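Per my numbering, the very first residue in the sequence shown carries number 8; after that it's consecutive.
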Amino acid sequence: MNSILNEIRIYVGTYKKYNEGNLFGKWLTLSNYDDIEAFYADCKLLHQDEKDPELMFQDWECPEIFDGFIGECHLEESIFEIASLLEEMSDDDMEIIENYMYLTGMPLNEQTIEKAQEQYIGYFSTETDFAEYYVEQTGLLQNIPDEVATYFDYEAYARDLDFMEHNNHYFYNY
8 MNSILNEIRI YVGTYKKYNE GNLFGKWLTL SNYDDIEAFY ADCKLLHQDE KDPELMFQDW
68 ECPEIFDGFI GECHLEESIF EIASLLEEMS DDDMEIIENY MYLTGMPLNE QTIEKAQEQY
128 IGYFSTETDF AEYYVEQTGL LQNIPDEVAT YFDYEAYARD LDFMEHNNHY FYNY
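This is the structure we're talking about:
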């Protein structure tokens, strides 16, 4: 099953029980369910002693990238789809997406994943390394004689480039 979903656990109680001082509930792991409907069906089965249980997610554990997908009375419907997409990615790809989300403030969804991949340039140890790569890729000094090009100040040029960077991951800024 999906290992990312193994890391997402939710303690499910109800508001009625909570208001009565009863903290009865159970930790449910999302990898035990095929979709959100199956998860909610199990939640209702767990609290079948109530006619129409108003579910309360009293606690949860999940990877940081899923912050905002779970709330006290809410589980984002797309969590299973997004987890499935992420499952196919390498740890490096996950790091790229996390850094892109940090820079842009965009929520985790399919469009954000696509944009992160489209806008990603690479990982560079320093701004100067990035500037050297960029100059080489764009051919900026291609028509400049070598004896002049050697005086090019990559460090200063790096400060002027308009790109997004976080944790040495560089992205196009468009």
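Positions of the beta carbon are idealized from the N, C-alpha and C atoms, including for glycine. No experiment lies behind these values; they were computed from the predicted model shown.
Contact set for residue i: own chain, Cβ-Cβ below 6 Å, skip 5 residues either direction
i, result
"residue 84", "43"
"residue 70", "14"
"residue 40", "46"
"residue 22", "61, 63"
"residue 169", "180"
"residue 76", "83, 86"
Residue environment, residue i, which counts as buried when at least 16 other CB atoms sit within 10 Å
i, result
"residue 19", "buried"
"residue 52", "exposed"
"residue 81", "exposed"
"residue 8", "Model confidence at residue 8 stands at a pLDDT of 43, short of 50, so the residue's coordinates are unreliable; what they give is reported in the following sentence. So residue 8 counts as exposed."
"residue 178", "buried"
"residue 30", "exposed"
"residue 33", "exposed"
"residue 106", "buried"
"residue 89", "buried"
"residue 123", "buried"
"residue 165", "buried"
Three-state secondary structure assigned by DSSP to residue i
i, result
"residue 15", "coil"
"residue 35", "strand"
"residue 179", "strand"
"residue 117", "helix"
"residue 8", "Because the pLDDT of residue 8 is 43, which lies under 50, any placement of that residue in the model is unreliable, and the number read from its coordinates should be weighed accordingly. Of the three classes helix, strand and coil, the one that applies to residue 8 here is coil, per DSSP."
For residue i, the first and last residue of its enclosing alpha helix (DSSP H)
i, result
"residue 101", "98–111"
"residue 137", "134–145"
"residue 162", "161–167"
"residue 25", "22–26"
"residue 153", "153–156"
Sequence-distant residues of the same chain with beta carbon closer than 8 Å to residue i, five excluded per side
i, result
"residue 162", "134, 135, 138"
"residue 58", "none"
"residue 25", "63, 65"
"residue 115", "72, 73, 75, 76, 89, 104, 108"
Beta strand (DSSP E) segment containing residue i, residue limits
i, result
"residue 128", "127–130"
Own chain residues within Cβ distance below 7 Å of residue i, not counting five before or after
i, result
"residue 87", "42, 43"
"residue 159", "148"
"residue 120", "92, 104"
Segments of 3+ residues assigned as beta strand (DSSP E) that fall wholly inside the stretch 54–105:
The stretch 54–105 contains these whole beta strand (DSSP E) runs: 62–68.
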